[in-house]
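Peer 1:
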Amino acid sequence: MSNLAPSAALAPALPVSASSGAAIELVGVNKWYGDFHVLRDIDLTVNRGERIVICGPSGSGKSTMIRCINRLEEHQQGSIVVDGIELTNDLKRIDEIRREVGMCFQHFNLFPHLTILENLTLAPIWVRKMPKKEADELAMHFLAKVKIPEQAHKYPGQLSGGQQQRVAIARALCMKPKIMLFDEPTSALDPEMVKEVLETMVSLAEEGMTMLCVTHEMGFARQVANRVIFMDAGQIIEMNEPEAFFSNPQHERTRLFLSQILGH
Amino acid sequence: MNLSSFIDVFHSWPSLLNGLVMTVMLTLISSFLGVVLGTLCAWGSLRGPKALRWFIRGYVEFFRNTPFLGQIFFIFFGLPALGLRLDPVTAALVALTINLTAYACEIIRAGIEATPAGQFEAASSLGLKPAQAFFLVILPPAFQRVWPAMTSQLVIILLASALCSQISVAELSYEANMIASRTFRNFEAYIVVTLIYLGLAVLFRDMLSWVGRRFVYGDFATEAQR
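Protein chains in written order, with the UniProt record's numbering: chain A, 1 to 264; chain B, 1 to 226.
What follows is the structure in structure tokens.
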């Protein structure tokens, strides 16, 4: 696990940005895979500009929960409202929500047959109907932001894991999302590449992006999160501000989990 | 047999040339249509509504598991009984295309299924519609993966076009038959035509590998693919 040195500007956790109102609201969300009850009565409100870190053992439902928010997974009960739009089977609503919600995956999922630049411009051109030149400029802007503009004309397979994940973040940002979901963005990376990706995410947090991040990078959680959530067996077991969460966990299960991941 | 016994065959070069042109035309048209329709069938069989999936499944199973000759005969001799009469060349093109579409569908489907689910999820999360995700994100790498198999299948279609002689399409094999019955040089006529098929097949394969480099692999070809 990497420890990010907390910078003075970031410690303690960043304040939630001024504009208020819920960015995401989950009420009584339940989901089953066949007989397996993967999400149980999830209630969660994420305010605009808020950064939430979700941790928990594997199979606890944390990835499934964030994948429900942009409908990569369907929930069977309860309601999910994203940016004021309730998620239903209506494809128009799903499209609308996906345009506002960016996502980064554990395995980057860059498109291997497209250059880095083309990976970034694909959605702006086809979804936002942006002219190619404008999309190229936008893409270069975000590539510069994640500090790899010189890689624009390479293919994903020619980049390191850390660089690929930064490209994936830039690709999501090109759609100018209001909310970013991260699904274990550093879990597939070599240890020395974790830091560069986390730094990119920290700078995103500094700009007030609403972020939901499934990660076990507790240094990142302490530095950036407004709230840390611990999930187990499909339930939110504990939710607290990072300081209280780490120094004084309320539940035995949380204590056990933290002792395991912080203990080595 | 000596070299002079080939002279009768070579004297018929205009009909051999006509046959060659017909074989090339049958192959190129059915290859193009077969790959395009095979791609659409692959999409339908994976993402279409249930009824369509079953229909494509049945179609693929039927045409991959019955002899091509039977398929040609059905289209040329059988369809008129149902009120649809096709001239021999059209019937040959329809038969070749329908046959190739079934194989191409399976080849492309295999390429698509080997694409990690994460690619579709990433495309969806960026707001691309399912059809956009399929044609822009899923299909190009799938094609790269299966292009060698597709190349073999297209060469097979070139060779299978010889069976179209059976419904009197004047392609290479048909011309060989005619020359043989005119000159009684059976062996020589078929040797010459076989060598022409060999040359055509090698040329076609090279052409497809050029198509692969130019349109399928793009800049991102591995050394082996180049």
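Cβ coordinates follow ideal geometry from the N, Cα and C atoms, glycine included. These numbers were taken from a predicted model, which means no experiment stands behind them.
Per DSSP, what kind of secondary structure is Y155(A) in: helix, strand or coil?
Peer 2: Taking the first residue of the first sequence as 1, we reach residue 155(A) at position 155. Coil.
Peer 1: For L136(B), verify whether its CB is less than 7 Å away from any heavy atom of the ligand COA.
Peer 2: You won't find the ligand COA in this model; it holds no ligand whatsoever.
Peer 1: G84(A) by DSSP, collapsed to three states: which one?
Peer 2: Counting from 1 along the first sequence, the entry for residue 84(A) is found at position 84. Correct three-state label for G84(A): coil.
Peer 1: How about W32(A): is its C-beta nearer than 8 Å to some C-beta of chain B?
Peer 2: For the purposes of this step, residue 32(A) is taken as residue 32 along the first sequence, with counting starting at 1. No - not a single Cβ of chain B is within 8 Å of the one on W32(A).
Peer 1: Taking just the CA atoms, how far does I229(A) sit from L262(A)?
Peer 2: Taking the first sequence and counting its residues from 1, the one referred to as residue 262(A) is at position 262. Taking the first sequence and counting its residues from 1, the one referred to as residue 229(A) is at position 229. Cα-Cα distance, rounded: 16 Å.
Peer 1: Take C174(A) as the anchor and find which of R57(B), S125(B), S30(B) and R53(B) has the nearest alpha-carbon.
Peer 2: Here residue 174(A) is taken as the residue at index 174 of the first sequence, counted from 1. For the residues R57(B), S125(B), S30(B) and R53(B), the minimum Cα distance to C174(A) belongs to S125(B).
Peer 1: Going by other Cβ atoms of all chains shown within 10 Å of its Cβ, with 16 needed for buried, is E86(A) buried or exposed?
Peer 2: Start at 1 with the first residue of the first sequence, and residue 86(A) comes out as number 86. Exposed, by the Cβ-count rule.
Peer 1: Following the continuous beta strand (DSSP E) through G102(A), name the residue where it begins and the one where it ends.
Peer 2: Residue numbering aside, residue 102(A) sits at position 102 when the first sequence is read from its first letter. That run of the beta strand (DSSP E) goes V101 to C104.
Peer 1: Looking only at C-alpha atoms, which of V60(B), T183(B), A42(B) and N18(B) sits nearest to A110(B)?
Peer 2: Along the second sequence, read from residue 1 onward, the residue named residue 110(B) stands at position 110. Residue A42(B) is the option with its Cα nearest to A110(B).
Peer 1: In chain A, what lies closer than 9 Å to P141(B) by C-beta?
Peer 2: Walking along the second sequence from the start, residue 141(B) turns up at place 141. Under the 9 Å cutoff, chain A gives F111, P112 and H113.
Peer 1: Between the stretch 142–155 of chain A and chain B, which residues of the former have CB atoms less than 8 Å from a CB of the latter, in chain order?
Peer 2: Listed in sequence order: Y155.
Peer 1: Give me the residue from D206(B), E106(B) and A180(B) with the minimum Cα distance to I7(B).
Peer 2: Sequence index remark: in the second sequence, residue 7(B) carries index 7 (1-based). For I7(B), the nearest C-alpha among the options comes from A180(B).
Peer 1: Would V46(A) pass as a contact of H75(A) if the rule is Cβ separation under 8 Å?
Peer 2: On the first sequence, position 46 is the one that residue 46(A) refers to. On the first sequence, position 75 is the one that residue 75(A) refers to. No, these two residues do not count as a Cβ contact at 8 Å.
Peer 1: Check for me: the beta strand (DSSP E) holding I236(A) runs from which residue to which?
Peer 2: Sequence index remark: in the first sequence, residue 236(A) carries index 236 (1-based). Per DSSP, I236(A) belongs to the beta strand (DSSP E) from Q235 to N240.
Peer 1: May I ask you to list, following chain order, the residues of the stretch 83–109 of chain A that have a beta carbon less than 8 Å from some beta carbon of chain B?
Peer 2: Hits within the stretch, in order: D95, R98, R99, V101, G102, M103, F105, H107 and N109.
Peer 1: Assign N226(A) to one of two classes, buried (16 or more other C-beta atoms within 10 Å of its C-beta) or exposed (fewer than that).
Peer 2: Sequence index remark: in the first sequence, residue 226(A) carries index 226 (1-based). Per the 10 Å Cβ criterion, buried.
Peer 1: With a cut-off of 8 Å, does the C-beta of V137(B) fall near any C-beta of chain A?
Peer 2: The count along the second sequence starts at 1 and reaches residue 137(B) at position 137. Yes, its Cβ sits closer than 8 Å to a Cβ of chain A.
Peer 1: With 8 Å set as the bound, which would you pick, yes or no: does the beta-carbon of G118(B) sit closer than that to a beta-carbon of chain A?
Peer 2: Translated into positions along the second sequence, residue 118(B) becomes position 118. Cβ-Cβ to chain A under 8 Å: yes for G118(B).
Peer 1: What's the call for S168(B), buried or exposed, on a 16-neighbour Cβ count within 10 Å?
Peer 2: Within the second sequence, residue 168(B) is the residue found at index 168, counting from 1. Answer is exposed; the Cβ neighbour count stays below 16.
Peer 1: So, at 6 Å on beta carbons, what are the nonlocal neighbours of D41(A) in its own chain, with the 5 sequence-adjacent residues on each side left out?
Peer 2: The residue given as residue 41(A) occupies position 41 in the first sequence. Counting only Cβ-Cβ distances below 6 Å, and skipping sequence neighbours, we find G28.
Peer 1: On the premise that N2(B) lies in contact with A170(B), defined as a C-beta separation below 8 Å, what is that separation, rounded to the nearest angstrom?
Peer 2: Along the second sequence, read from residue 1 onward, the residue named residue 170(B) stands at position 170. Along the second sequence, read from residue 1 onward, the residue named residue 2(B) stands at position 2. About 29 Å separates the two Cβ atoms, so there is no contact after all.
Peer 1: Between which residues of its own chain and L128(B) is the CB-CB distance below 8 Å, once the five residues before and five after are set aside?
Peer 2: Taking the second sequence and counting its residues from 1, one reaches residue 128(B) at position 128. Counting only Cβ-Cβ distances below 8 Å, and skipping sequence neighbours, we find L136 and V137.
Peer 1: Would you check if the distance between the CB atom of V38(A) and the CB atom of G61(A) is smaller than 8 Å?
Peer 2: Locating residue 38(A) in the first sequence gives position 38, counting from the first residue. Locating residue 61(A) in the first sequence gives position 61, counting from the first residue. The answer is yes: Cβ separation under 8 Å.
Peer 1: Taking only beta-carbon positions, decide if V38(A) is within less than 8 Å of chain B.
Peer 2: Residue numbering aside, residue 38(A) sits at position 38 when the first sequence is read from its first letter. Judged by the 8 Å Cβ criterion, V38(A) is not in contact with chain B.
Peer 1: Assuming E25(A) is part of the beta strand (DSSP E), what are its boundary residues?
Peer 2: Locating residue 25(A) in the first sequence gives position 25, counting from the first residue. Looking at the DSSP string, the run of the beta strand (DSSP E) that includes E25(A) is A22 to Y33.
Peer 1: Can you confirm whether G212(B), when its beta carbon is compared against all beta carbons of chain A, has any partner nearer than 8 Å?
Peer 2: Counted from its first residue, the second sequence places residue 212(B) at position 212. False, the Cβ-Cβ gap to chain A never drops below 8 Å.
Peer 1: Under 9 Å Cβ-Cβ, which residues of chain A neighbour Q71(B)?
Peer 2: Along the second sequence, read from residue 1 onward, the residue named residue 71(B) stands at position 71. Those do not exist, as Q71(B) stays about 35 Å from chain A at its closest Cβ, beyond 9 Å.
Peer 1: What residues of chain A sit near T122(B), judged by a beta carbon separation below 7 Å?
Peer 2: Start at 1 with the first residue of the second sequence, and residue 122(B) comes out as number 122. It should be noted that the sequence gives Ala, not Thr, for residue 122(B). Those within 7 Å of A122(B) in chain A are F105 and N109.
Peer 1: Assess, as a yes-or-no matter, whether the stretch 184–194 of chain A is touched by the stretch 111–129 of chain A under the definition of 3 or more beta carbon pairs within less than 8 Å.
Peer 2: Because the criterion of three Cβ pairs below 8 Å is not met, the stretch 111–129 of chain A and the stretch 184–194 of chain A do not touch.
Peer 1: Given N3(A), which residues of its chain have a CB within under 6 Å of its CB, disregarding the five upstream and five downstream residues?
Peer 2: Looking up residue 3(A) in the first sequence gives position 3. Summary for N3(A): the model assigns pLDDT 48, below 50, so the residue's position carries little reliability, and this model does not support an answer.
Peer 1: Can you say whether N70(A) is buried or exposed, counting buried as having 16 or more other CB atoms within 10 angstroms of its CB?
Peer 2: In the first sequence, the residue the question calls residue 70(A) occupies position 70. Counting Cβ neighbours within 10 Å, N70(A) comes out buried, since at least 16 surround it.
Peer 1: I believe M180(A) touches M211(A) by the beta-carbon criterion, under 8 Å. Please report the beta-carbon distance rounded to the nearest angstrom.
Peer 2: Residue mapping note: residue 180(A) aligns to position 180 of the first sequence, counting from 1. Residue mapping note: residue 211(A) aligns to position 211 of the first sequence, counting from 1. That pair is a contact at about 5 Å.
Peer 1: Could you check whether the Cβ of G218(B) sits closer than 8 Å to any Cβ belonging to chain A?
Peer 2: Within the second sequence, residue 218(B) is the residue found at index 218, counting from 1. True, the Cβ-Cβ gap to chain A drops below 8 Å.
Peer 1: Per DSSP, residue 318(A) forms a beta bridge with which residues?
Peer 2: Outside the shown range of chain A, which is 1 to 264, sits residue 318(A), and nothing can be said about it.
Peer 1: So what's V214(A) in DSSP terms, helix, strand or just coil?
Peer 2: Locating residue 214(A) in the first sequence gives position 214, where the first residue counts as 1. V214(A) falls in the strand class under three-state DSSP.
Peer 1: Could you name the residues of chain B that A123(A) contacts, counting a contact when the two beta carbons are closer than 7 Å?
Peer 2: Here the question's residue 123(A) lines up with position 123 in the first sequence. Going along chain B in sequence order, the residues near A123(A) (Cβ under 7 Å) are L126, G127 and L128.
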